[in-house]
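A.B. asks: Going by our numbering, the letters in the sequence shown line up with residues 81 to 220, in that order.
Backbone N, C-alpha and C define an ideal beta-carbon position, used for all residues, glycine too.
Please see the structure below; I have some questions.
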Amino acid sequence: MIRVKDTEFYKEVIKELNYAFGDVYVFKGIVISEIKGGINFTWDEHAKQIVEDISCYLGTDGTNIIYISNRINSYSVTPQDWLKFFKFNYGLKGYYVVTNTNQGNLNTTFERLFFKNKIKKFTSLYEAINSAKSNSEEVV
């Protein structure tokens with residue numbers, strides 16, 4: 081798996097957010113996260129801060145953004161926290177997960193129980209970014 085910083089796409093980043101728990105890269109219409117290994121990613125401790133920072137920076141509720149979770153490290157997600165995301169009236173145009181591990185696939189399976197729309201899985205960051213760039217219709 082490859083990090084955003086190690087791709088030619090890195091030059092297109094308009095804002096980079098660095099947190100103790102991971103890094104987030106903002107592109108035009110795309111947000112990519114890379115969470116550090118060993119984290120139990122929750123709404124209250126992690127996601128809320130990211131969402132608020134991006135919302136403030138871009139002036140959006142997220143409905144025009146494709147979010148790519150580039151799972152280069154092994155970490156867990158609290159899947160029911162997606163309910164909190166939607167409770168605060170945030171949305172996404174699309175949610176993509178890049179993983180090639182069984183743990184990553186298992187996390188995504190649980191997230192599907194709470195995420196309102198479809199989750200697209202990729203094994204390559206390049207494929208995910210290219211798909212997001214060419215995606216002109218809403219992912220449902």
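Quick one, which of Tyr176, Glu207, Thr203 has its alpha-carbon nearest Val111's?
C.D. replies: Tyr176
A.B. asks: Report the rounded CA-to-CA distance for Phe101 versus Lys116, giving the unit in angstroms.
C.D. replies: 6 Å
A.B. asks: Tell me the DSSP secondary structure of Leu97 in three-state form.
C.D. replies: strand
A.B. asks: On the criterion of 16 or more Cβ atoms from any shown chain inside 10 Å, does Thr203 qualify as buried, or is it exposed?
C.D. replies: exposed
A.B. asks: Please check the pair Lys201 and Thr179, which I expect to be a contact at CB under 8 Å, by giving their CB distance rounded to whole angstroms.
C.D. replies: The beta-carbon separation of Lys201 and Thr179, rounded to 7 Å, stays under the 8 Å limit for a contact.
A.B. asks: Once DSSP output is grouped into helix, strand and coil, what is the label at Asp103?
C.D. replies: strand
A.B. asks: Which residues in the same chain as Glu96 place their Cβ atom closer than 6 Å to its Cβ, once the five residues preceding and following it in sequence are excluded?
C.D. replies: These residues qualify, in order along the chain: Tyr105.
A.B. asks: Quick one, are the C-beta atoms of Val131 and Phe165 less than 8 Å apart?
C.D. replies: yes
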